[in-house]
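A.B. asks: Residue numbers (UniProt numbering): 1 to 69.
(1) Please state the DSSP three-state secondary structure of residue 35.
(2) Do residue 14 and residue 49 have their beta-carbon atoms positioned less than 8 Å apart in this structure?
(3) Suppose the cutoff is 8 Å on Cβ atoms and the five residues either side in sequence are ignored; what does the same chain contact list for residue 43 look like?
(4) With the cut-off set at 8 Å, would you say residue 11 and residue 68 are in Cβ contact?
(5) Please report the distance separating the alpha-carbon of residue 8 from that of residue 37.
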């Protein structure tokens, strides 16, 4: 039973990260379309935010696997 709960936790972490990064990409694309001159600043902020989300997702995956085992 704990293996199943760990798998659910890992899945939720990955789904949440995917949705978050998708939202960042969508918003950045809209922002660049509105202000092309700010593209480099928007892209930098987008990459930093995506990296932070990936870090939290990795922590969630590791925590779920560790506590589920």
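A virtual CB, placed ideally from N, CA and C, is assigned to each residue, including glycine.
C.D. replies: From the atom records:
(1) Working through the chain shown from its first residue, we reach residue 35 at position 35. DSSP places residue 35 in coil when its eight states are reduced to three.
(2) Residue numbering aside, residue 49 sits at position 49 when the chain shown is read from its first letter. Residue numbering aside, residue 14 sits at position 14 when the chain shown is read from its first letter. In this structure, residue 14 does not lie closer than 8 Å to residue 49 by Cβ.
(3) Locating residue 43 in the chain shown gives position 43, where the first residue counts as 1. So the list reads 28, 32, once near-sequence residues are dropped.
(4) Sequence index remark: in the chain shown, residue 11 carries index 11 (1-based). Sequence index remark: in the chain shown, residue 68 carries index 68 (1-based). In terms of Cβ geometry, residue 11 and residue 68 do not form a close pair [threshold 8 Å].
(5) One-based indexing of the chain shown puts residue 8 at position 8. One-based indexing of the chain shown puts residue 37 at position 37. Going by the C-alpha atoms only, they are around 43 Å apart.
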